[in-house]
Amino acid sequence: MAPMRLRFAPSPTGALHIGGARTALFNWLLARHNEGVLLLRIEDTDRERSTPENVSQILDALQWLELDWDEGPVFQSEREERHREVLQALLQGGHAYRSNATAEDVAAYKRLYGAERGFRGEATAGDRKDGAVRLHVPDGESTVVHDVVRGDTRFDHVHLDDPVIARADGSVLYNFAVAIDDLDAQITHVVRGEDHLSNTPKQLLVLRAARALGIGAETPEPVYAHLPLLHGPDGKKLSKRHGAASVQELRDAGFLASAVRNYLALLGWGAGDDATFLTTPELIERFTLERVSRSPARFDQVKLRWLDGLHVRELPVPELSDRLLEFLQLTDPEAAVAAAADRGLLEGAVAISQEKIQTLADFWPLARLFFVGVAEDRAARERWLGEPGIASVREARTELATIERFDLPAISAALEGLVQRQGVKPREVYQPLRVALAGTAVSPGIFETIELLGREETLRRIDATLVG
RNA sequence: GCCGCCAUCGUCUAGGGGACUAGGACGCCGCCCUCUCACGGCGGUAACACGGGUUCGAAUCCCGUUGGCGGUACCA
398 MAPMRLRFAP SPTGALHIGG ARTALFNWLL ARHNEGVLLL RIEDTDRERS TPENVSQILD
458 ALQWLELDWD EGPVFQSERE ERHREVLQAL LQGGHAYRSN ATAEDVAAYK RLYGAERGFR
518 GEATAGDRKD GAVRLHVPDG ESTVVHDVVR GDTRFDHVHL DDPVIARADG SVLYNFAVAI
578 DDLDAQITHV VRGEDHLSNT PKQLLVLRAA RALGIGAETP EPVYAHLPLL HGPDGKKLSK
638 RHGAASVQEL RDAGFLASAV RNYLALLGWG AGDDATFLTT PELIERFTLE RVSRSPARFD
698 QVKLRWLDGL HVRELPVPEL SDRLLEFLQL TDPEAAVAAA ADRGLLEGAV AISQEKIQTL
758 ADFWPLARLF FVGVAEDRAA RERWLGEPGI ASVREARTEL ATIERFDLPA ISAALEGLVQ
818 RQGVKPREVY QPLRVALAGT AVSPGIFETI ELLGREETLR RIDATLVG
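Here the first sequence stands for residues 398 to 865, where the numbers follow this note's numbering.
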């Protein structure tokens with residue numbers, strides 16, 4: 398059996414949005430699940446908006462998501478010659494024609510014939526070469542789109558305008574380019590957002606006109622699958638307003654790529670049982686088009702945070718440390734330098750912070766005390782370092798200075814003993830100590846923190862507190 | 001306006017005529033654990049948009065209404 402051939406075809410009009418990322422992911426999962434081929438095609442026929450910066454943004458986003466492709470990237474703009482060739486064939490074969498009709502003409506037509514009749518242009522007389530190229534839509538017929546997730550949808554031609562497939566200057570438009578490019582690339586499955594469902598009959602019409610002329614006649618029509626759209630938490634179209642709307646923003650907010658893949662896969666697709674935490678190999682193993690749903694989903698960052706926490710906890714410490722370093726380099730270069738200075742310390746801090754963070758962004762506020770010293774938090778000092786707090790820290794210092802081996806069991810035994818002897822609540826001892834060592838009221842476990850800091854540094858910070 | 005798609009807890013979803021007094025997850029609330037923050041455990045809150053059919057029986061099938069979204073560009 399011929400391999401499944403899929404494509405992801407973003408238009409570089411800005412950052413890769415979450416919806417686009419989801420489409421890329423589904424194509425990728427499908428390709429990997431079926432051992433097929435994934436083609437990356439950049440749809441840059443819109444010269445105004447397609448900039449090199451936008452292209453690299455998309456490539457960066459895919460790379461970060463760890464979604465690779467097997468062929469391409471193919472730039473649609475580089476296929477101009479082929480497009481003109483097929484366009485000529487369509488023109489000569491009588492499937493398309495030049496029309497001088499302007500937008501105003503079309504509007505006038507609709508006023509005249511009512512909104513239920515699609516626009517049919519007049520072919521420009523003689524051999525004049527000006528005017529846009531329109532595809533001839535056969536009247537009185539209809540085109541049925543067979544869609545794997547939606548079933549059959551019939552589009553009656555009466556309602557369809559003869560679509561403009563090329564500008565007056567001969568450059569082709571989206572619905573033409575897509576059909577020809579998919580045909581030439583022998584794409585077997587077109588998987589994309591539902592916003593393209595209404596475009597599909599036009600593309601099918603282009604495809605069939607070309608095939609009628611013998612162009613790609615041996616290539617079967619692709620199978621279509623239109624994915625439900627993604628909306629913001631308010632049900633409206635996803636935008637910056639909703640927080641992170643692009644892959645870059647997700648990365649900068651400290652999410653793990655594996656968690657983003659996991660979460661995105663759950664939007665419009667379900668494993669069937671109640672599996673929620675799914676590793677990427679599991680996603681590949683279980684993903685099928687048949688389980689894609691038809692209704693739109695909302696992007697909810699709260700659930701993504703939860704899922705990210707699960708993925709953080711699954712990562713081996715060395716790997717999580719690498720991710721953390723990458724993240725800090727991106728968002729806080731100074732912190733990155735400090736964190737990278739001592740690998741052992743970094744991994745120690747990561748190990749005792751791992752189950753307390755949900756995203757990479759949560760790490761530094763919790764563990765900065767190991768790398769850049771005591772923080773300035775007035776409220777924490779006032780709350781915990783009053784008379785009794787200071788007294789308690791002084792007691793703790795004596796304990797910590799005298800234990801033999803400065804390790805976790807000894808430290809916890811010493812401090813627990815102190816709590817018992819003083820007959821106070823544990824927090825009355827631990828919180829002042831925490832503020833003395835971290836400067837803040839939040840840190841990893843106090844015993845673990847002290848052990849990692851080491852006796853010398855622990856006592857030094859305590860002394861600084863007692864003096865100050 | 002016209003054409004089309006969609007419609008189960010606040011959110012993601014399971015469900016595809018009787019197994020549904022509708023299941024799971026996130027969130028939220030309460031309790032437990034507890035040195036902070038988290039994690040974890042237990043319990044709770046909460047939905048079949050509405051109206052007609054079809055059927056012995058409908059969340060599941062059909063029609064309509066409403067709502068949301070998409071398309072209707074010499075954008076993609």
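Note that beta-carbon positions come from the ideal geometry of N, C-alpha and C, so glycine has one too.
Please read all numbers here as calculations on a predicted model, not as lab measurements.
- DSSP lists GLY590 as the bridge partner or partners of LEU624.
- Within its own chain, the residues whose Cβ lies closer than 6 Å to the Cβ of ASP549, once the five positions on either side in sequence are excluded, are VAL541 and HIS543, listed in chain order.
- Beta-bridge annotation (DSSP): PHE405 is paired with LEU437.
- LEU624 is not a Cβ neighbour of ILE415, given a cutoff of 9 Å.
- Boundaries of the alpha helix (DSSP H) harbouring ALA798: 784 to 799, taken from the DSSP string.
- With the rule of 3 Cβ pairs closer than 8 Å, the segment 582 to 598 counts as touching the segment 616 to 623.
- Collapsing the DSSP output to three states places ALA606 in a helix.
- Residue state for ILE754 is assigned as coil, using DSSP reduced to three classes.
- Taking one beta carbon from each stretch, the segment 794 to 811 and the segment 747 to 759 have fewer than 3 pairs nearer than 8 Å; the two do not touch.
- Contact annotation: ARG517 and VAL530 have beta-carbon atoms that are not nearer than 9 Å.
- Collapsing the DSSP output to three states places LEU464 in coil.
- Here GLU773 has GLY836 as same chain residues with Cβ atoms under 7 Å from its own Cβ, once five neighbours each way along the sequence are excluded.
- Using a Cβ distance threshold of 9 Å, LEU436 and ASP467 count as a contacting pair.
- Only residues of its own chain outside the window of five on either side were considered, and among them VAL534, HIS554, VAL555, HIS556, LEU557, ASP558 and ASP559 have a CB closer than 8 Å to the CB of GLY515, listed in chain order.
- Spatial neighbours of TYR827 in its own chain (CB-CB distance under 6 Å, excluding positions within 5 residues in sequence) are listed in chain order as ILE843.
- In chain order, ALA777, ARG778, TRP781, LEU782 and ALA838 place their CB closer than 7 Å to the CB of VAL832, counting only its own chain and leaving out the 5 sequence neighbours on each side.
- In the DSSP assignment, LEU532 falls within the beta strand (DSSP E) that extends over 529 to 532.
- Counting C-beta pairs closer than 8 Å gives three or more between the segment 402 to 409 and the segment 450 to 458, which meets the contact rule.
- Assignment of THR837 by DSSP, reduced to helix, strand and coil, places it in the coil class.
- Among the bridge pairs identified by DSSP, TRP666 is matched with VAL689.
- Judged by DSSP in its simplified three-state form, PHE573 adopts helix.
- Going by DSSP, HIS543 is part of the beta strand (DSSP E) stretching over 539 to 544.
- ARG479 is the residue among ARG479, LEU427, PRO823 and ARG858 whose C-alpha sits nearest the C-alpha of ASP578.
- DSSP, read as helix, strand or coil, puts PHE472 in strand.
- Annotation for PHE423: the continuous alpha helix (DSSP H) segment containing it runs 415 to 430.
- Residue pairing for GLY548: DSSP places it in a beta bridge opposite ASP544.
- Between SER474 and THR420, the alpha-carbon positions lie close to 22 Å from each other.
- Residue pairing by DSSP places ALA563 opposite VAL530 and VAL569 in a beta bridge.
- As a beta-bridge residue in DSSP terms, ALA493 pairs with LEU532.
- Of all C-beta pairs linking the segment 652 to 667 to the segment 698 to 711, three or more are shorter than 8 Å, placing the two stretches in contact.
- VAL769 is classed as exposed because its beta carbon has fewer than 16 other beta carbons within 10 Å across all chains shown.
- Taking 9 Å as the cut-off, the beta carbon of ALA793 is found closer than this to the beta carbon of LEU830.
- Annotated as proximal: LEU663 and THR673, with beta-carbon spacing under 9 Å.
- Taking a contact as a CB-CB distance under 8 Å, the pair ILE584 and PRO619 counts as one, their CB atoms being some 5 Å apart.
- Measuring C-alpha to C-alpha distances from VAL644 to each of ALA668, PRO823 and LEU464 identifies LEU464 as the nearest.
- Within the same chain, and ignoring the five residues on either side of LEU580 in sequence, the residues whose Cβ sits closer than 7 Å to its Cβ are LEU604, ALA607, GLY613 and THR616.
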